[in-house]
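Colleague: First the structure, then my questions, so here it is.
Numbering (the UniProt record's numbering), first residue to last: 1 to 572.
This is how it looks when you write it as structure tokens:
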């Protein structure tokens, strides 16, 4: 397994950026009433666990067709209260028409219900989950040709649990189609809150068969991966050799519903399930274990080598063993026991080298941002306390630019556990690439080009950096490429306490955020050589209506509320 660090492209960073000017220019915006309301399913009260909320608590009900998007017109889709897929064609800032293109068979009432989900893997097919456990594969060949707009059912599969569709692709060479589904199963036995659920990623693969002049799909394989935490990102790699997952804990390939133990995690290897915490400074990595009561120094065996570490108790219980992420100086490394805690300090051979993990293929460690790293980030926050403004500036060229004096609060804190993004081979279940996101908050993920793997945007200091997964390769050194930067977006997003959705345009000309209701914020990228960039705020009609969906193209922003579709033309 390749354990990696995220390496930003320095040429895409702008350390001279000073902030955003709030433009007083009004954007062209129109809205149209819907014939029937948006189908919204609320989580059951007893399913408001952290994992359920992460997985299903904030769905984007609006879907933009990336295969249709152009300057002249675009199409968006949603599911209404009658379980009909509604299609809106937008030309300029005007919605030319709304029509039903597919009727989802009305599901039987079930104990658990999720929101319906739609993914468009190609210009010819759509994948629809009804929120009750059925997956519909629909032939939509006429949708990008302006001809027959009615969609035709190609295949349907029933699953035991309700799910949402995370991603779907159709291979150009074979026309095979694959869907990645997310579901959560509650455990019957009484266990701790952190182990009360099992999260499943289900990869369903279909082959295309042409019969009687029309295309149909046959299910070829179903692979399931299980884990304890809901992912913030899940995608299928082009070629369908692997899935890409971002989560606090790894996912494992299952056989018959039972996860296979790999990478030294089985009982045969003797590794303790006890998690440890670790932190780092420019010179050291500190690892801390909680020890059983009455453990003495004589009970501990700690062997530190330049590239390897082994820590175990006299009871033969191994606490940590394996190849270190990077080389250390054994003679300058130490270990001590204080108050039933074992603290190991590893001295780095290469100072300032940021570690993504302690031991390769060991994901039990919980990363804690501490010391110099926390101080540096805090200094940056203090320097940038005033970054945005919600007060319009009629003269954006004035010297005294208005800023927002919002202070850092809970929304600016990092997750309790560090998240990892990993590449998992679908046949072996092996994690071939893994990167610890450590202090990098997850901002959003979106698709930039039709058929490509979704990109993800992470916070680095105050900026938002966009990362693109590379084409499949088991041997390449790094699997993620830094392709763009939104200056100060990490700080800006942290200040939006009522934020619901975040996206960026496919061409990355701007990023857009929206509140739970009414407000849409647009942040344009600054031109080369400019130290400031424009910010615009759009206020939607019907202040009390929740924003249920948001999509962005290079030319317009579309927002969906319970009974309206709003179109905003962006600045060129």
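Glycine included, C-beta positions come from ideal geometry on N, C-alpha and C. Bear in mind that the values here come from a model prediction, so they are computed numbers and not experimental data.
(1) Under a three-way DSSP split, which group does residue 51 fall into?
(2) Is residue 490 helix, strand or coil when you go by DSSP?
(3) From which residue to which residue does the beta strand (DSSP E) around residue 299 run?
(4) Who are residue 127's beta bridge partners in DSSP?
(5) Is it a yes or a no for the stretch 271 to 290 touching the stretch 363 to 370, going by three-plus beta-carbon pairs under 8 Å?
(6) Under 8 Å Cβ to Cβ from residue 580, same chain only, skipping five residues before and after it: list those, please.
(7) In this structure, how does DSSP classify residue 10 when only helix, strand and coil are distinguished?
(8) Note down, one range per segment and in chain order, each beta strand (DSSP E) of at least 3 residues found wholly within the stretch 172 to 257.
(9) In whole angstroms, what separates the C-alpha of residue 303 from that of residue 488?
(10) Tell me whether the beta-carbon of residue 138 lies closer than 8 Å to the beta-carbon of residue 116.
(11) Whose CA, out of 316, 131, 330 and 512, lies closest to the CA of residue 306?
(12) Check whether the stretch 422 to 438 and the stretch 156 to 169 are in contact - that is, three or more C-beta pairs closer than 8 Å.
(13) Counting beta carbon pairs with one atom in the stretch 525 to 534 and one in the stretch 84 to 94, are three or more of them shorter than 8 Å?
(14) Would you call residue 187 buried or exposed, if buried means 16 or more other Cβ atoms sit within 10 Å of its Cβ?
(15) Is residue 564 helix, strand or coil by DSSP?
(16) How is residue 74 classed by DSSP in three states: helix, strand or coil?
(17) Just verifying my parser: in three-state terms, what is the DSSP assignment at residue 498?
(18) Measure the alpha-carbon distance for residue 45 versus residue 198 and round it to whole angstroms.
(19) Flag this pair as yes or no: are the beta carbons of residue 123 and residue 67 separated by less than 8 Å?
(20) From the DSSP output, in three-state form, read off residue 25 for me.
(21) Quick one, are the C-beta atoms of residue 241 and residue 285 less than 8 Å apart?
(22) According to DSSP, is residue 330 helix, strand or coil?
(23) Using the Cβ count rule (16 or more neighbours within 10 Å means buried), how would you classify residue 21?
(24) In whole angstroms, what separates the C-alpha of residue 458 from that of residue 443?
(25) State yes or no: is the C-beta of residue 558 within less than 8 Å of the C-beta of residue 565?
(26) Out of curiosity, what's the CA-to-CA distance linking residue 571 and residue 528?
(27) Comparing C-alpha positions only, which one of 355, 238, 550 and 231 sits nearest to residue 251?
Modeller: In terms of the structure at hand:
(1) Taking the first residue of the chain shown as position 1, residue 51 is located at position 51. DSSP places residue 51 in the helix class (H, G or I) of the three-state scheme.
(2) Along the chain shown, read from residue 1 onward, the residue named residue 490 stands at position 490. Helix.
(3) Taking the chain shown and counting its residues from 1, one reaches residue 299 at position 299. For residue 299, there is no enclosing beta strand (DSSP E), as DSSP marks it with neither H nor E.
(4) Walking along the chain shown from the start, residue 127 turns up at place 127. BP columns for residue 127 point to 119 and 137.
(5) Contact between the stretch 271 to 290 and the stretch 363 to 370 is established, with three or more Cβ pairs separated by less than 8 Å.
(6) Outside the modelled stretch of the chain, which goes from 1 to 572, sits residue 580, for which no answer is possible.
(7) As a position in the chain shown, residue 10 is number 10, starting the count at 1. Here residue 10 sits in helix by DSSP.
(8) DSSP runs (the beta strand (DSSP E)) wholly in the stretch 172 to 257: 177 to 186, 197 to 211, 214 to 227, 233 to 236, 242 to 247 and 252 to 255.
(9) Here residue 303 refers to the residue found at position 303 of the chain shown. Here residue 488 refers to the residue found at position 488 of the chain shown. CA-CA distance, residue 303 to residue 488, rounds to 44 Å.
(10) Taking the chain shown and counting its residues from 1, one reaches residue 138 at position 138. Taking the chain shown and counting its residues from 1, one reaches residue 116 at position 116. Going by C-beta atoms, residue 138 is not nearer than 8 Å to residue 116.
(11) As a position in the chain shown, residue 306 is number 306, starting the count at 1. Comparing Cα positions, the closest option is 330.
(12) The stretch 422 to 438 vs the stretch 156 to 169: no contact.
(13) Result no; under three Cβ-Cβ pairs closer than 8 Å.
(14) Numbered from its first residue, the chain shown carries residue 187 at position 187. Exposed, because fewer than 16 other Cβ atoms sit within 10 Å of the Cβ of residue 187.
(15) The residue labelled residue 564 in the question sits at position 564 within the chain shown. The answer is strand: DSSP assigns residue 564 an E or B state.
(16) Stepping through the chain shown from its first residue, residue 74 is reached at position 74. Residue state, collapsed to three classes: strand.
(17) On the chain shown, residue 498 is found 498 positions in, with the first residue counted as 1. It is coil, neither helix nor strand.
(18) Counting from one through the chain shown, the residue named residue 45 turns up at place 45. Counting from one through the chain shown, the residue named residue 198 turns up at place 198. The alpha-carbon atoms of residue 45 and residue 198 are separated by roughly 19 Å.
(19) As a working mapping, residue 123 is identified with position 123 in the chain shown. As a working mapping, residue 67 is identified with position 67 in the chain shown. In terms of Cβ geometry, residue 123 and residue 67 form a close pair [threshold 8 Å].
(20) In the chain shown, counting from the first residue as 1, residue 25 sits at position 25. If DSSP states are grouped into helix, strand and coil, residue 25 belongs with coil.
(21) Taking the first residue of the chain shown as 1, we reach residue 241 at position 241. Taking the first residue of the chain shown as 1, we reach residue 285 at position 285. Result no, Cβ atoms of residue 241 and residue 285 do not sit closer than 8 Å.
(22) As a position in the chain shown, residue 330 is number 330, starting the count at 1. DSSP places residue 330 within a helical segment (H, G or I) once states are collapsed to three.
(23) The residue labelled residue 21 in the question sits at position 21 within the chain shown. Classification for residue 21: buried.
(24) Here residue 458 is taken as the residue at index 458 of the chain shown, counted from 1. Here residue 443 is taken as the residue at index 443 of the chain shown, counted from 1. If you take the alpha carbons of residue 458 and residue 443, they lie about 5 Å apart.
(25) Against the chain shown, residue 558 aligns to sequence position 558. Against the chain shown, residue 565 aligns to sequence position 565. Contact: yes.
(26) Numbered from 1 along the chain shown, position 571 holds the residue referred to as residue 571. Numbered from 1 along the chain shown, position 528 holds the residue referred to as residue 528. Near 17 Å, if we compare the C-alpha coordinates of residue 528 and residue 571.
(27) As a first step, residue 251 must be located in the chain shown, where it is residue number 251. Looking at the Cα atoms, 231 is the closest of the given residues.
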